[in-house]
Amino acid sequence: MATNDVSIVRFKHDVMTEVCRLAWEGALTTDNRERLVYQVIPGPKPTYRCCVYKEREIVRQRIRLACAESVEKDPDNRNVVQVIEAACDACPIASYTVTDNCRFCLGKSCLNSCHFNAISPGPLKMHIAPDLCKECGMCAKSCPYGAIVHLERPCKKACPVEAITYDENGLCLINEQKCIQCGHCIHACPFGAIGSKTYLVQIIEAIKAGKEVYAMCAPSTEGQFGDKITMASIGKALKALGFTDMVEVGLGGDMTAAYEALEWSEARKEGRKMTTSCCPAFKNMLKKHFPEQYEQNMSSTVSPMCGVSRYLKYIHPGCVTVFVGPCIAKKGEAEDKSVTGNADYAITFGEFRALMRSKGIELEADEDAYQEASVFGKRFASSGGVAGAVIECMQERGEDTTDIKLLKCAGGGDCKKALLMLKLGRMQEDFMEGMICAGGCVGGPSKHKTEMEITKARAMLLSKADNRKVLENLKHYPMDQFSMFRDGHLGNTPEDICDADHQNKVPSEEVKQ
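Residue numbers (our numbering): 1066 to 1578.
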């Protein structure tokens, strides 16, 4: 997929691939890491930036991130998303700029509209002083020629929670207290100055140590690599890498939907508004920016990723669980040790490809039938999919849902606006589905193709899935043996979810096939 950062993606994935090769060989030493720097940037002429010295420093920091280490300047930074200072171009920070369209007119409406004395005549056109400008935008509105434009640094523009600021030198800073780890700034930066920690080395070490390592592939996996690459294709590639097996997280979608449906039913009787709990960036937005709504309105059911991880850790004690998807925020969710039994690691599709390249493995078409989730669980990846699955569970239990009002929010701006309405008591709908990425998870920051390509391929792949019901599907799993609640308590698993005859069962080969 050709994007704004296609060259940057290729560059950072090349670094990750080489780091993985060293890890497989058990040769990821300090000396070999430094040799890798010179291997990637041999010099003497620069390839990407002004000089080979800056390029080599960028590679050094990329290697640190590829080893799940923080950048050297701030080694104690626990945030998943981090700034590589050497790569930051310190873009101009003046938001309002006078272009060459300025006619230097007699009226000077821009000057007259400014209440902060930030505008003055220059030699050939008007000039805006960045240190005086308050970014009110009145000058741009008043200019009859539209000669004043509003420019935002790409990283800042991409951030939905204003977590990005700049230091005295204009270099990007991320406020860890505000950052929701959505990762949108990573692909927005045209200089590749923002990256995320990668846990491939730790996964390789677990595989080499002989541990049971299970991959959990997000519902959005289907369609990311075209309509010929099925979940079975992904599973075979993962096994070739050394993973014990793979489970589709759409199964966790079924689990989450079943429990959130119970919560919604209870909240509906009480007249209480509720939000979904699947998107970690949305949960971070709630927790950090709307703490009261986080406590009062968010579902207490864990995410599908956590549900599948807890299930795997129950039937395979001591196993290592790895989430594979398009989401940066999932890395932060896995890092949050306050949620017991969650995934040990999370990697993106791009990181998965780098891992395959390090072993010379390619994805191949495979028509073998593999399905553990209902179509409703699979649709968790798209905007409206979570709410649709929850409503389906309520209907399967015989509940009338015709009068339920849903608010589907996809995109940081939409989510922020909806949460503000909830905070002010002005949200008209009963339930809110929140996803920080436009279009839902399929539009995640580390998606592998365009949303149009993914949607088309997904439609083809999902059309081959059977029409099993959510609750009927869950009868084949030991739902009473692991918790689906955030605080980890088991509670009394309702018979609506698992009939007594199906307790304690591990999925049969028939279900897994």
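Heads up, the beta-carbon is just placed ideally off N, CA and C, and yes, glycines get one too. Model, not experiment: these values are computed from the prediction.
query                                                                                                                                                                                          : result
Can you name, in chain order, every residue of its own chain whose Cβ lies under 8 Å from the Cβ of Tyr1279, other than the five neighbours on each side?                                      : Phe1308, Thr1309, Asp1310, Met1311, Val1312, Leu1377, His1381, Cys1384, Val1385, Thr1386 and Val1387
If I follow the unbroken beta strand (DSSP E) through Glu1498, where does it start and stop?                                                                                                   : Phe1496 to Met1500
For the segment 1178 to 1192 and the segment 1286 to 1299, state whether three or more C-beta atom pairs, one from each stretch, are separated by less than 8 Å.                               : no
Could you check where the alpha helix (DSSP H) with Cys1085 kicks off and where it finishes?                                                                                                   : Val1071 to Glu1090
Do three or more CB pairs link the segment 1311 to 1329 to the segment 1218 to 1229 at distances below 8 Å?                                                                                    : no
Counting only runs that start and end within the segment 1358 to 1445, where is the alpha helix (DSSP H) found for 4 or more residues in a row?                                                : 1369 to 1380, 1394 to 1400, 1414 to 1424 and 1440 to 1443
Excluding five sequence neighbours on each side, which residues of the same chain lie with their C-beta closer than 8 Å to the C-beta of Gly1257?                                              : Asp1070, Ile1073, Phe1076, Lys1077, Ile1123, Ile1149 and Ala1152
Going by the beta-carbon positions, is the gap between Ala1475 and Gly1504 smaller than 8 Å?                                                                                                   : yes
Please go through the same chain and pick out, in chain order, the residues whose beta-carbon is closer than 7 Å to the beta-carbon of Phe1355, but skip the five residues on each side of it. : Leu1484 and Lys1488
DSSP state of Glu1137, grouped into three classes?                                                                                                                                             : coil
What do you get for Cys1254, buried or exposed, if any count of 16 or more other CB atoms within 10 angstroms of its CB means buried?                                                          : buried
Please state if the CB of Gly1202 and the CB of Tyr1065 are separated by a distance shorter than 8 Å.                                                                                          : Residue 1065 lies beyond the residue range present for the chain, which begins at 1066 and ends at 1578; the question has no answer from this structure.
If we count the other Cβ atoms within 10 Å of its Cβ and call it buried at 16 or more, is Glu1498 buried or exposed?                                                                           : buried
To which residues does DSSP link Thr1094 through a beta bridge?                                                                                                                                : According to DSSP, Thr1094 bridges with nothing at all.
Express the C-alpha separation of Ser1174 and Val1136 in angstroms, rounding to a whole number.                                                                                                : 47 Å
Report the rounded CA-to-CA distance for Asp1096 versus Val1080, giving the unit in angstroms.                                                                                                 : 16 Å
Measuring alpha carbon to alpha carbon, tell me which of Val1163, Gly1450 and Lys1190 ends up nearest Val1214.                                                                                 : Val1163
If you follow the alpha helix (DSSP H) that Gln1126 is part of, which residue opens it and which one closes it?                                                                                : Val1117 to Ala1131
Helix, strand or coil for Ser1342? Go by DSSP, reduced to three states.                                                                                                                        : coil
Looking only at its own chain, which residues have a Cβ that is under 7 Å from the Cβ of Asn1569, when we skip the five neighbours before and after it?                                        : Only weak support exists for where Asn1569 lies, its pLDDT of 39 falling under 50; the value from the coordinates is given anyway. Result list for Asn1569: Pro1543 and Gln1546, in chain order.
Contact check, Asn1451 vs Asn1532 under 8 Å by CB: the rounded distance?                                                                                                                       : Note that residue 1451 corresponds to Val in the displayed sequence, not to Asn. Contact doesn't hold; Cβ gap of about 19 Å is too wide.
Mapping the DSSP letters down to three states, classify Ile1245 as helix, strand or coil.                                                                                                      : coil
Since Cys1371 contacts Ala1411 with CB under 8 Å, what's their CB separation in whole angstroms?                                                                                               : 11 Å between Cβ atoms; not a contact.
Quick one: what does DSSP say Phe1547 is sitting in, helix, strand or coil?                                                                                                                    : coil
What are the complete alpha helix (DSSP H) segments, minimum 4 residues, inside the segment 1460 to 1508?                                                                                      : 1477 to 1488
So for Ile1519, helix, strand or coil by DSSP?                                                                                                                                                 : helix
Contact defined as beta carbons within less than 8 Å: I believe Met1500 pairs with Ala1326. What is the distance between those atoms, to the nearest angstrom?                                 : Rounded, the Cβ-Cβ distance is 18 Å, inconsistent with contact.
Around the Cβ of Lys1402, are there at least 16 other Cβ atoms within 10 angstroms (buried) or fewer (exposed)?                                                                                : exposed
Looking at the structure shown, is Ala1280 part of a helix, part of a strand, or coil, going by DSSP?                                                                                          : strand
Return the chain-ordered list of same chain residues with a C-beta closer than 7 Å to the C-beta of Gly1300, the five sequence neighbours on each side being excluded.                         : Met1311 and Tyr1435
Locate the alpha helix (DSSP H) running through Pro1219, then write down its first and last residues.                                                                                          : Pro1219 to Ala1223
Rounded to the nearest angstrom, what separates Ser1528 and Gln1242 at their Cα positions?                                                                                                     : 43 Å
Would you please state the rounded distance, in angstroms, between the beta carbons of Cys1247 and Ala1394? I believe it to be under 8 Å.                                                      : 6 Å
Three or more beta-carbon pairs under 8 Å between the segment 1357 to 1375 and the segment 1503 to 1517, yes or no?                                                                            : no
Kindly give me the distance between the Cβ atoms of Lys1473 and Gly1449, rounded to whole angstroms, as I take these residues to be in contact under 8 Å.                                      : 5 Å
Return helix, strand or coil for His1215, following the three-state DSSP convention.                                                                                                           : strand
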